[in-house]
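Following: one structure in structure tokens, then a few remarks.
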DNA sequence: TATGAATGAGACTTCATTCAT
DNA sequence: TATGAATGAAGTCTCATTCAT
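Chains as they are written, first to last, in the numbering used here: chain L, 6 to 226; chain B, 6 to 226; chain H, 6 to 226; chain X, 6 to 226.
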């Protein structure tokens, strides 16, 4: 931001990188602004300002505000699920532990990342951008559910978990994770600790509840 | 409409009733529109149209779009929690059943009602209307958590539930209910059944998971 | 205003008179409001309120805001000049005294009356209502100038005044009177005494200046 | 407009100059429109049109209609009084001549200038913008009166003028000048010559009346 | 006659988008 | 490529006027 805090080499380097990374910097800034204000209340000028360019420049890279918005969504819909699936296939320990891993990993790779703003954004703009919701479901929600489904199936097959509905249960396992994600963007101001508690403790408590909820009736703790 | 079908008293009453009912009709229409589009994208003219009045009429009852929005939130923040608290105090059966009752009741009295749109609205507009978020938390979220906390305490006191954290657990119990609420307004368009499944089945499954999650280690099903 | 402050007879009487005087009360209220705010910024509802009737009632008596405005102007263009002309014809004393009388009388009968607001109104709205300006000039300004012209002619004929231009001098004599009138509506707020001084002293000083300005070169004081 | 007629530097300058001149052009147009119509009846779109720009451009330079109005007033409250004061101090001739000079100068530097519209504007909007009236009085009216007061004091000290009230007399001397100013904007339409006479002749006649009004009783013409 | 709820044209203002530089 | 001044469509809000009661 400030030339006095970086060496000439850095600045020059930064400027070089700048030109190349413009779209990326704009997308980062746009994600921030869209998440904060929502689509309609977001100002393209503020996106440009946060990216350090002028309003006109933004339109060199994105044809319209809507195009920018869609690019933000598509860009941030990661592929963090893919390696999740691999993990399940390779995992050899007890299903309890796999479930705990999944929950921790979900939060690390998505829930606590900047991309998590997408969840808020898509809740807020669902009615205005139905195609994005469909896209998001296909690319994110469904694979995620499939991943949980596989964990459940593995646990049931191994006799670690009782028999549960494979359509409903993934929703219930993921719901608190998504809620924690939404809270990150809902409680910027207020924040009694009881409402925005320590994420780690909450994740562990969630995992504990889930595992106990899935335990077979006669099994030991 | 026709003088021959109504006495002067009736017609006078009709006039009166209209004036009396207008704000309510406008608030209902406004809730719909705000939930659908979000605050910024909502058009006051559409609110007026859905309420069957002209643009100008809306401003006879609400000083501004923002005042309308705030009135919508305040109006729909119900008192459905109050009788919940009474229910707990009076309940005499096993805590399992009380928890099931709470979950069913939450959905009936709020989650499936039109007022449930508030949840989406407050997620979407949290950053733009922090005071409303604080108000909502105080009036709705905190009392709700307190209610669940009392159910948990009762269960632990009676030996029905194992010892759990009284700050974290309510969040985990309510989170899936809120998620179900949000889905109602997120999946207007698409809707594969696996994503928007039968609420009743989901509620029962949620209750089952929660109860098992709270069960004492040695206890029978 | 308040029934408790007047006997029943008074009130009844007042109400009787009311109906009859509605237009007059509306015109009085309208003069006030138009003078205070100007035509465009004046609200018909405020006129109605000050007249103690509803907005709808105003339109029973005046077809439109513009019609009300024109009626206000026409109504307040008095005939105070007419008797002024008679006075001149009948006056037998020295012209000094006649001039002093004219100045005092102008202020008493117009400058200090509520109708004086017209002067401000016509300055403000001249460009928007040229026909009213023409009407005002014909009915008020020209007769007034003619009156001063007659006083000057009389004074010159009697040898009391030096020879002066009969077109220019009336303007110069009346100008300070009109300015005093405008100040009444311009200095509602501030009012250092040097700017809004005692009207009587100012009138006397004006008369003194005018009379000396008209005195023949060799004449004694 | 045409690249062949201007060097790059020129065109860059032209751009710069436009941005630099815009506020001034808008203020000029705004003064016109506000004086013609009054504040409330003035349309910002008309101001923009007269300045040759679009509605939106106006708001790049002035935050609101009210801000534009206030800028118009502040901008046109000149410093034409300052050099008047110097003139008095340096003047060596008879006070008659100084007074004549003041009257002529007042008209030249203010009364006949576009800024003279301020007088009409402030009469019209006094009640709606009291702070501007106070500002105007402080910056214009009071210095002007002080200037006349100094001329009078000088005349009395030199024995040129009789003793007069130093608070009242400046008002009487300036009043006809202000009236002449107001007439410029009041008589756009009608205009019988007797009502809007030759300003020069009127100024001379005014000066003559004032000087005679100030003359010591025994003094020769 | 009197009311005041309802209307809708029109004003101010914002902001995504364009384009000359 | 980058800028930012300029645009004008569209939104919120006001208020003169109407009309059912």
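For glycine and all other residues, C-beta sits at the position ideal for the given N, C-alpha and C. Fair warning: this is a prediction, and the values are worked out from it, not measured in the lab.
Other residues of its chain near residue i: CB distance less than 7 Å, five sequence neighbours each side excluded
{"i": "residue 34(L)", "result": "52, 55 and 56"}
{"i": "residue 74(L)", "result": "39 and 44"}
{"i": "residue 160(X)", "result": "100, 166 and 219"}
{"i": "residue 178(H)", "result": "153 and 215"}
{"i": "residue 121(H)", "result": "115, 186 and 189"}
{"i": "residue 105(L)", "result": "212"}
{"i": "residue 125(X)", "result": "40, 187 and 190"}
{"i": "residue 96(H)", "result": "103"}
{"i": "residue 68(X)", "result": "none"}
{"i": "residue 111(L)", "result": "182"}
{"i": "residue 119(H)", "result": "36"}
{"i": "residue 64(L)", "result": "none"}
{"i": "residue 109(X)", "result": "208"}
Residue from the options whose Cα sits closest to the Cα of residue i
{"i": "residue 143(L)", "options": "60(L), 130(L), 83(L) and 209(L)", "result": "83(L)"}
{"i": "residue 47(H)", "options": "191(H), 70(H) and 59(H)", "result": "70(H)"}
{"i": "residue 156(X)", "options": "181(X), 88(X), 107(X) and 210(X)", "result": "107(X)"}
{"i": "residue 206(X)", "options": "171(H), 185(H) and 191(H)", "result": "171(H)"}
{"i": "residue 216(B)", "options": "138(B), 91(B) and 103(B)", "result": "103(B)"}
{"i": "residue 210(L)", "options": "210(B), 204(B) and 176(B)", "result": "176(B)"}
{"i": "residue 158(B)", "options": "64(B), 94(B) and 23(B)", "result": "94(B)"}
{"i": "residue 169(L)", "options": "222(L), 208(L), 204(L) and 192(L)", "result": "222(L)"}
{"i": "residue 150(H)", "options": "183(H), 134(H), 76(H) and 96(H)", "result": "183(H)"}
{"i": "residue 80(X)", "options": "208(X), 135(X) and 29(X)", "result": "29(X)"}
{"i": "residue 134(H)", "options": "204(H), 76(H) and 208(H)", "result": "76(H)"}
{"i": "residue 208(L)", "options": "117(L), 139(L) and 72(L)", "result": "117(L)"}
Cβ-based burial, residue i [other Cβ within 10 Å; buried from 16]
{"i": "residue 163(B)", "result": "exposed"}
{"i": "residue 174(X)", "result": "buried"}
{"i": "residue 224(L)", "result": "exposed"}
{"i": "residue 113(L)", "result": "exposed"}
{"i": "residue 7(L)", "result": "Since pLDDT at residue 7(L) reaches only 39, below the 50 mark, its modelled position is unreliable, and no value is offered."}
{"i": "residue 89(L)", "result": "buried"}
{"i": "residue 181(B)", "result": "buried"}
{"i": "residue 98(B)", "result": "exposed"}
{"i": "residue 213(B)", "result": "buried"}
{"i": "residue 24(X)", "result": "exposed"}
{"i": "residue 91(B)", "result": "exposed"}
CB-CB length for residue i against residue j, believed under 8 Å
{"i": "residue 66(L)", "j": "residue 31(L)", "result": "6 Å"}
{"i": "residue 41(B)", "j": "residue 132(L)", "result": "5 Å"}
Neighbourhood of residue i by C-beta distance below 8 Å, restricted to the same chain and skipping five residues each side
{"i": "residue 27(H)", "result": "56, 58, 62 and 66"}
{"i": "residue 2(B)", "result": "The structure shown does not extend to residue 2(B), since chain B spans only 6 to 226, so no value can be given for it."}
{"i": "residue 60(B)", "result": "49, 50 and 53"}
{"i": "residue 146(L)", "result": "none"}
Same chain, Cβ closer than 6 Å to residue i, neighbours up to 5 away in sequence not counted
{"i": "residue 137(B)", "result": "78"}
{"i": "residue 72(X)", "result": "none"}
If we require 4 or more residues per run, which alpha helix (DSSP H) segments fall completely within the region 48–106 of chain X? 49–56, 60–66, 70–81 and 85–95
Which ranges does the alpha helix (DSSP H) cover as unbroken runs of at least 4 residues, wholly within the region 159–226 of chain B, from first to last along the chain? Counting only runs of 4 or more, we get 173–191 and 204–219.
Can you check the region 125–161 of chain B for any alpha helix (DSSP H) of at least 4 residues that lies completely inside it and give the ranges in chain order? 135–141
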